[in-house]
């Protein structure tokens, strides 16, 4: 089993949630130190930044490694990569992060101030 932090379309109410619903542990936040970006308004990406003071909301799941490998990772966009983050309680967790080099492309909208994917989608008149 692997603990993974989801902060986008796999959360409760999102289109990919049914594929992970049985593994939900509950809502959590990251520790401060992350920026948050919208990738084409389709999904979000975290980026570690020690200067950031915002914690990002999401949900923690405990998924079998095979499910992570066979179901979750193949569906992730190329702009994201698997990495390790720190949760608000200080524990580490897997998460999908903005891939190396993506920030430099300058095409992703920073949404850190929204604190999470759902509040950002609300500004677009959408729900997760």
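Numbering (the UniProt record's numbering), first residue to last: 1 to 128. Virtual Cβ for every residue (Gly too), placed ideally from N, Cα, C.
Item                                                                                                                                                       : Value
Measure the C-alpha to C-alpha separation of residue 26 and residue 57 and round it to an integer number of angstroms.                                     : 11 Å
Quick one: grab the DSSP three-state call for residue 44.                                                                                                  : strand
Buried or exposed, going by whether 16 or more other CB atoms sit within 10 Å of the CB of residue 99?                                                     : buried
For the structure I just gave you, are there three or more beta carbon pairs, one from the segment 15-25 and one from the segment 87-101, closer than 8 Å? : no
Tell me whether residue 42 is buried or exposed, calling it buried when 16 or more other Cβ atoms sit within 10 Å of its Cβ.                               : exposed
Please state the DSSP three-state secondary structure of residue 122.                                                                                      : helix
Quick one: residues in its chain with C-beta nearer than 7 Å to the C-beta of residue 76, no 5 flanking neighbours on either side, listed in chain order?  : 96
When the Cα of residue 94 is compared with those of 47, 103 and 109, which residue comes out closest?                                                      : 47
How should residue 106 be labelled, buried or exposed, when 16 other C-beta atoms within 10 angstroms of its C-beta is the threshold for buried?           : exposed
Which residue or residues does DSSP assign as beta-bridge partners of residue 3?                                                                           : 62
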